[in-house]
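Structure first, commentary second.
Now the structure itself:
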C-alpha cells in the first residue's frame, strides 16, 4: 500500500507544475495593466514604466515565471499590488471562514444524503424513492442564491431565529458560530445532499443485486446490517469520490454564498483580486484551489485502499 500512496503523491507534482505554467501565462496574456491600476488614470508614461520595472513586469516571461516559482518554493507568494499586503497573510485571514462553512456543509450533507440514498435504493420504485429523487432534482434546479434568500426570509426576517448576515469564528463560541454559519451551510448543503443522495442510491442499487447480499439475507442477517455494513461498504468508493470532490468545490466555489451572507472568505477575496487585476493574489488563489483539489483527490485515492482490497498492493 505504501508504494501505491507514494505513486499517487509523485503523480501530483506534474499536475501542479502544469497548473502553475497555465495560470502564469493566462494572466500575463489577458488584456490589462496592473501598473495602470496602481498609478491611476492621471499617471504619466514615465510613472507607469517605473512601476512596471519595480514589479518586474518588463522582464522576459521566463524570468518572471522562474522568479515567481522560486519565491513560492520559499513560502513567499508575493505582495498584493493593491493593498501592499503579503498574499499568504491575506489567504490565511480568509481561509478560516471558508473552511469552517465547507466542513459544516459536508457534515450536514453526508449525514442527510447517505441515509436518504440508502433508503431510496432499499425502497426502489416506491414513494420513498420517488420523494428522494424529487428532492434531488429540486436541489439541482434551484440556484443557490435563491435558496439562500428564501432561508434568510424565513429564519432571519420572518421568524427572527437567526442573524441575517455576518460570520463568527468558533473561537468566539460555538453558539454564535452555528447561529451565523447554519444558514449558509444549509444553503450549500441543498445541492450536495441532492448530489450525494443520487450517487449513493445508484451505487447501492448496483451492490444490492450482488450474490453476497442475497447470501447475507438468506443467512438471516439483520436488514440494517446488510444495508450499512455489507452493501454500503462495497458501494463507498464512488460515494467517497463525490464527497471529496464536493469538499474541494466548496473551498473554491462559495463566491455567491459568501456574497449573500456577507462572509469574509476566500471566494470574495478571489473576486476582489480579479476585479482589481491583482496578479499575485489571483495566481496564489488559483494555485491554492488546485492544491486543494489535488490534496482531496489524493486523500480519496488513499481511502480507497480501506474499501477495495485489490489496490492495497
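In the UniProt record's numbering, the protein residues as written are 1 to 313.
Where is the CB? At the ideal position from N, CA and C, for every residue including glycine.
| Asked | Found |
| --- | --- |
| Simplified DSSP assignment, three categories, for residue 126 | coil |
| Per-residue DSSP class, three states only, for residue 245 | helix |
| Residue 167 versus 22, 21, 259, 287, residue with shortest Cα-Cα distance | 259 |
| Secondary structure of residue 86, DSSP reduced to three states | strand |
| Residue 187 versus 78, 106, 175, residue with shortest Cα-Cα distance | 106 |
| Proximity winner among 236, 3, 181, relative to residue 201 (alpha-carbon distances) | 236 |
| Residue closest to residue 279, alpha-carbon to alpha-carbon, out of 224, 14, 84 | 84 |
| In chain order, each beta strand (DSSP E) run of at least 3 residues that lies wholly inside the region 254 to 312 | none |
| Residue 310 to residue 208 span [Cα, whole Å] | Bear in mind that a pLDDT of 49 at residue 310, under 50, signals an unreliable position, so the number given afterwards is only what the model happens to contain. Spanning the two alpha carbons is a distance of roughly 21 Å. |
| Residue range of the alpha helix (DSSP H) that includes residue 213 | 211 to 218 |
| Buried versus exposed, by CB contacts within 10 Å (16 or more), residue 44 | exposed |
| Whole alpha helix (DSSP H) elements within the region 45 to 89, 4-residue minimum | 45 to 55, 61 to 73 |
| When 145, 109, 264, 26 are compared against residue 287, the one with the closest alpha-carbon | 26 |
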